[in-house]
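Visitor: In full-length UniProt numbering, the protein residues as written are 1 to 768. No residue lacks a Cβ here, since even glycine has one placed at the ideal position from N, Cα and C. Quick one: the structure is below, and I'll ask about it shortly.
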Amino acid sequence: MIEPQYQWQLDQLPQDERVSQLQKQIGAQPLIAQLLVSRGYETPEAVQTFLNPTLDDLIDPYELHDMQKAVDRIFSAVDQGEKIVVYGDYDVDGITATTIMVSALEVLGAEVDYYVPNRFKDGYGPNVEVYKNLAEQGMQLLITVDNGISGKAAIETLMQYDVDVIVTDHHELPTELPSALAIVHPQFPEHPYPFTGLSGAGVAFKVASALLDAPADEWLDLAALGTVADVMPLTGENRTIVKLGLANLNEMQRPGIAALLQLAKISVDKLDAKTIGFQIAPRLNAIGRMDDAKLGVQLLLAEAEKPALELAQTIDQANQERKKLVESIAEAALEQAQNQFYSDSVLVLMGENWHEGVLGIVAARILEATGKPTIVLNQTGTIAKGSGRSLAAFDLFSAMDPHRDLYLSFGGHALAAGMTISVDQVPTVRKMLNEAAVEQAFDYQQKKVITLAGNINSRNFNSDFYEQLQLLGPFGEGNPEPVFALELDGVQNVKTMSEGKHLRFTGMDKRQLIPVVAWQKGALANELQGHFKKMTVVGTLDQNTYRGSTSYQLMVKDIEASGSALIDARTTHLTKPMFSKPATYLFFNHNLQKQLTPLISSAGQAMWWEDAFNVTQIDRAIFVDLPHTLDELHQVLAYVEIGSWETIFYTKNPAYLQKIPTRNDFSKFFKFIQQQNSIDLKNQFQAMEQYLNMDELMLKLLIKVFLDAKFVTIEDDFLKKVEKPDNVDLTTMPSYHNFLQKREVEAKLIYSTTAELEQLLNELAQGD
């Protein structure tokens, strides 16, 4: 059995006349028409607007609060030759917003400079000391992008210097707003914008459009990049921005983006929201995490290929360093997490020399691995600073917000938070968060919900369906990529990738073979080769082009397999990864159990076969070695209810491949013994093998049988004959009987086909 990691929830797609009419009107496949109607697009006109937005679909920028004030003040500054500073942020949204605003002001002929805060020196958002320095250097107008709405104190400081401030932001509005000349914000309460989900780059794009008195389409690519990277909803105006921005990106006019794509080895025709989110955005974010984010702005402003490539290489190197740091810190943090796992619902982890720029990523990694909200802190002396990540079932912000007295600084939202704490307060924060988990009735074992758009089969794995499906994109927040369920009759060609992390296999249904890729599911490689009555995989449809040949595959998010299953993992070579599974490892050999138990992960347990009678159910049993008799195995299988069986059935020296001793072998060895006074087994064993022309296993078996028959004795590793032994039938000796019994067990449990083995195990489980 393979348990799904998620709770599957099937969308109730419409099946009424609206679907059939739309299908005929636009020539869509049935499932595509259902998806369109379910997302609110029921007429050809609505579908046309959704699928093919144009610049005309952009909202008038003057619908934003204070836009007219902002534009008038900027034009005044340009006319008067005043020094304007654009104050940005160090994430991708902030970098792109800064680039858009600076570029637009340069087009107007403004005297403009920009400042991107340093994550480590300046922190997030408005900084009083930085503002003072900028004012003292002659700044006369400050324009914030992707920040500023929470900068009341810093902005008031600038009033002493007679500097005007225009705030352009999209973050949550605080109770007290700053005293800025203009606040351009899509959620301003007295003047809400028709679409409230703009990113910081989106707001900057709207200001640029107002300044140019036309849609600023030359910066749509940057607005799209910021919108996707900041995980804003890809609906409404954002959909228009991203759809058109992706088209601009594909034209490859910006040297900085071209250089990043070159280093990432991404073809321009593969650019989509997913590529931005997983390939481009992490690289640009890395420079703000590891170094100075102004390099990101310089990259996007670069007009020549050579400097753009040099900057891109620096940024790419920062991303490589970021990855290494994340791996190193995550490994150490995960060790701490294991110590807290069984006692805490919320994990609070702290270490020294943990790079602050990657702690949010590490927290997300631990959350993914454990299913528990996680705070990761770096300790420097008596101060700890870090980030937290959570999931929908636990509101991190509401848990922390009532206890602001515990933090030196704190901010965030339901799913993420940043904080600075005195080290001596960390235990209190840990206790408080776990009490909050009880109050919120958080259960980490409760599965996340994954919504399924419907069922597909092999007929959907073609260019026609795939291309129609892609028209619904760009996919992302608010417009999720459809996840489909696919029932399989079985799988074949199961292979792991990236040192066992990922899987690739071929799914079989009644019609054809379907390529399947499963990221982060390498541990299921053996299970997938089991024989299940029913198997369903859920995932997204993907196109794969290799050496000019295009095929369609399923990118798996989850797997469920039910019914009695045998996972045939029989081997003659044991490896450490075999013992990393959350399973009960059953042993029939005490010495082997003692030897291998230290390899078993904390998620699993070792069990002596007779101890299985103390339990009535085992979800997942792995039979490590061979029983001495089939009856031992029968006792376990008949008594204990087992969800899934995995058979390793390791034995060091298979008897099945060994020759059965003949009467001639016994006679030959007896005569040899009679000719010797004693034999030094340590030093003469190999010579004895050669003289008798017998292999090691045969010779050892004969010695055991002769010991049973009292034909020989062993003292201090010397084999000695017994004078005038009794006449006995050697084939009745226990060692000989055990040898034959081992051969029989091996024949049935090792040298059988998977089907034969499964049948035998089922018979043993059902027998009396």
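Near Phe711, which residues of its chain fall below 8 Å by C-beta distance, leaving aside the five closest residues on each side in sequence?
Guide: Residue numbering aside, residue 711 sits at position 711 when the sequence shown is read from its first letter. Phe670, Ile673, Lys721, Val722, Pro725, listed in sequence order.
Visitor: Quick one: what's Lys448 bridged to in DSSP?
Guide: Reading the sequence shown from its first residue, position 448 is the one you call residue 448. None; Lys448 has no bridge partner.
Visitor: State buried or exposed for Phe75, treating a residue as buried only when at least 16 other CB atoms are found within 10 Å of its CB.
Guide: Locating residue 75 in the sequence shown gives position 75, counting from the first residue. Answer is exposed; the Cβ neighbour count stays below 16.
Visitor: Please name the residue or residues paired with Thr374 in a DSSP beta bridge.
Guide: For the purposes of this step, residue 374 is taken as the residue at position 374 of the sequence shown. Bridge partners of Thr374: Leu347, Arg389.
Visitor: Smallest Cα separation from Gly197: which of Ala223, Leu761, Leu212?
Guide: Counted from its first residue, the sequence shown places residue 197 at position 197. The candidate whose alpha carbon is nearest that of Gly197 is Ala223.
Visitor: From what residue to what residue does the alpha helix (DSSP H) around Leu592 run?
Guide: For the purposes of this step, residue 592 is taken as residue 592 along the sequence shown, with counting starting at 1. Residues 590-596.
Visitor: To which residues does DSSP link Gly507 through a beta bridge?
Guide: Residue numbering aside, residue 507 sits at position 507 when the sequence shown is read from its first letter. Beta-bridge pairing links Gly507 to Val491, Ile514.
Visitor: Tell me which residues share the same chain as Gly138 and place their Cβ nearer than 6 Å to its Cβ, disregarding the 5 neighbours each side in the sequence.
Guide: For the purposes of this step, residue 138 is taken as the residue at position 138 of the sequence shown. Here the set comprises Lys83.
Visitor: Would Gly288 and Asp113 be called neighbours here (beta carbons separated by less than 8 Å)?
Guide: Sequence index remark: in the sequence shown, residue 288 carries index 288 (1-based). Sequence index remark: in the sequence shown, residue 113 carries index 113 (1-based). Not closer than 8 Å, so no.
Visitor: Report the three-state DSSP secondary structure of Glu481 (helix, strand or coil).
Guide: Numbered from 1 along the sequence shown, position 481 holds the residue referred to as residue 481. In this structure, Glu481 counts as coil in the three-state DSSP scheme.
Visitor: Taking Trp519 and Ile567 to be in contact with their CB atoms under 8 Å, please state how far apart those CB atoms are, rounded to whole angstroms.
Guide: The residue labelled residue 519 in the question sits at position 519 within the sequence shown. The residue labelled residue 567 in the question sits at position 567 within the sequence shown. Rounded, the Cβ-Cβ distance is 21 Å, inconsistent with contact.
Visitor: Write down every uninterrupted run of the beta strand (DSSP E) in the stretch 546-592 whose length is 3 residues or greater and which is fully enclosed by it, in chain order.
Guide: Those beta strand (DSSP E) runs which fall completely within the stretch 546-592 and span 3+ residues are 549-562, 566-568, 584-587.
Visitor: From which residue to which residue does the beta strand (DSSP E) around Leu142 run?
Guide: The residue you call residue 142 lines up with position 142 of the sequence shown. Looking at the DSSP string, the run of the beta strand (DSSP E) that includes Leu142 is 141-145.
Visitor: Flag this pair as touching only if the stretch 98-112 and the stretch 235-244 have three or more C-beta atom pairs under 8 Å; answer yes or no.
Guide: No, they do not touch.
Visitor: Between the Cα of Leu452 and the Cα atoms of Ser551, Trp354, Val537, Ala286, which residue gives the shortest distance?
Guide: Counting from one through the sequence shown, the residue named residue 452 turns up at place 452. The shortest C-alpha separation from Leu452 is found at Val537.
Visitor: Please name the residue or residues paired with Asn118 in a DSSP beta bridge.
Guide: The residue given as residue 118 occupies position 118 in the sequence shown. Beta-bridge pairing links Asn118 to no other residue.
Visitor: Assess, as a yes-or-no matter, whether the stretch 582-593 is touched by the stretch 621-629 under the definition of 3 or more beta carbon pairs within less than 8 Å.
Guide: Touching, per the Cβ criterion.
Visitor: Give the range of the alpha helix (DSSP H) segment to which His65 is assigned.
Guide: Here residue 65 corresponds to residue number 65 of the sequence shown, with the count starting at 1. From DSSP, His65 is part of no alpha helix (DSSP H); its letter is neither H nor E.
Visitor: Over the uninterrupted beta strand (DSSP E) stretch that includes Leu245, give me the two end residues.
Guide: The sequence position of residue 245 within the sequence shown is 245, counting from 1. Going by the sequence as given, residue 245 is Gly instead of Leu. Premise fails: Gly245 lies in the alpha helix (DSSP H), 236-250, not in any beta strand (DSSP E).
Visitor: State the DSSP-derived secondary structure class of Tyr751, mapped to helix, strand or coil.
Guide: In the sequence shown, the residue the question calls residue 751 occupies position 751. Tyr751: coil per DSSP, three-state reduction.
Visitor: Near Met159, what residues of its chain come up, given a Cβ to Cβ distance below 8 Å and the 5 sequence neighbours on each side ignored?
Guide: Working through the sequence shown from its first residue, we reach residue 159 at position 159. Taken in chain order, the residues that qualify are Ser179.
Visitor: What residue range does the beta strand (DSSP E) around Thr420 cover?
Guide: Within the sequence shown, residue 420 is the residue found at index 420, counting from 1. 416-422 is the span of the beta strand (DSSP E), which, as asked, contains Thr420.
Visitor: In its own chain, which residues sit with a C-beta less than 7 Å from the C-beta of Ala485, not counting the 5 before and 5 after it?
Guide: Taking the sequence shown and counting its residues from 1, the one referred to as residue 485 is at position 485. Excluding residues within five positions, the ones whose Cβ falls inside 7 Å are Leu452, Asn455, Thr536, Val538.
Visitor: Going by DSSP, what residue range makes up the alpha helix (DSSP H) through residue 774?
Guide: Outside the modelled stretch of the chain, which goes from 1 to 768, sits residue 774, for which no answer is possible.
Visitor: Does the distance from the C-beta atom of Lys659 to that of Gln5 stay below 8 Å?
Guide: As a position in the sequence shown, residue 659 is number 659, starting the count at 1. As a position in the sequence shown, residue 5 is number 5, starting the count at 1. Against a cut-off of 8 Å, the Cβ pair of Gln5 and Lys659 comes out as no contact.
Visitor: Can you look up Glu125 in the DSSP assignment and give me helix, strand or coil?
Guide: Position 125 of the sequence shown, counting from 1, holds the residue named residue 125. For the sequence presented, residue 125 should be read as Gly rather than Glu. In the structure shown, Gly125 sits in coil (DSSP, three-state: anything other than H, G, I, E or B).
Visitor: Got a sec, what are the start and stop residues for the alpha helix (DSSP H) Lys206 sits in?
Guide: Residue 206 sits at position 206 when you count from the first residue of the sequence shown. Looking at the DSSP string, the run of the alpha helix (DSSP H) that includes Lys206 is 200-212.
Visitor: Take the Cβ of Ser602 as the centre, count every other Cβ of all protein chains shown within 10 Å, and call the residue buried at 16 or more, exposed below.
Guide: Looking up residue 602 in the sequence shown gives position 602. Result: exposed.
Visitor: Is Ser150 helix, strand or coil by DSSP?
Guide: Against the sequence shown, residue 150 aligns to sequence position 150. Ser150: coil per DSSP, three-state reduction.
Visitor: Would you say Val47 reaches chain B, if we count a Cβ-Cβ gap shorter than 8 Å as a contact?
Guide: Given the protein chain composition of this structure (a single chain), no chain B is represented.
Visitor: Is there contact here, the stretch 185-192 with the stretch 33-50, by at least three beta-carbon pairs under 8 Å?
Guide: The answer is no - the stretch 33-50 does not touch the stretch 185-192, with fewer than three Cβ pairs under 8 Å.
Visitor: Near Val426, which residues of its chain fall below 8 Å by C-beta distance, leaving aside the five closest residues on each side in sequence?
Guide: For the purposes of this step, residue 426 is taken as residue 426 along the sequence shown, with counting starting at 1. Around Val426: Val348, Met350, Leu377, Ala384.
Visitor: Based on Cα-Cα distance, which residue from Gly81, Ala525, Lys748 lies nearest to Leu630?
Guide: Taking the sequence shown and counting its residues from 1, the one referred to as residue 630 is at position 630. Nearest option by C-alpha distance: Lys748.
Visitor: For Ile280, tell me which candidate among Leu513, Val228, Met232, Glu305 has the shortest Cα-Cα distance.
Guide: Within the sequence shown, numbered from 1, the residue matching residue 280 stands at position 280. Closest by alpha carbon: Val228.
Visitor: On the DSSP bridge list, what partners appear for Tyr650?
Guide: Walking along the sequence shown from the start, residue 650 turns up at place 650. Partner(s): Asp625.
Visitor: With distances taken between CB atoms, is the gap from Gln34 to Leu13 smaller than 8 Å?
Guide: As a working note, residue 34 is residue 34 in the sequence shown. As a working note, residue 13 is residue 13 in the sequence shown. Yes.
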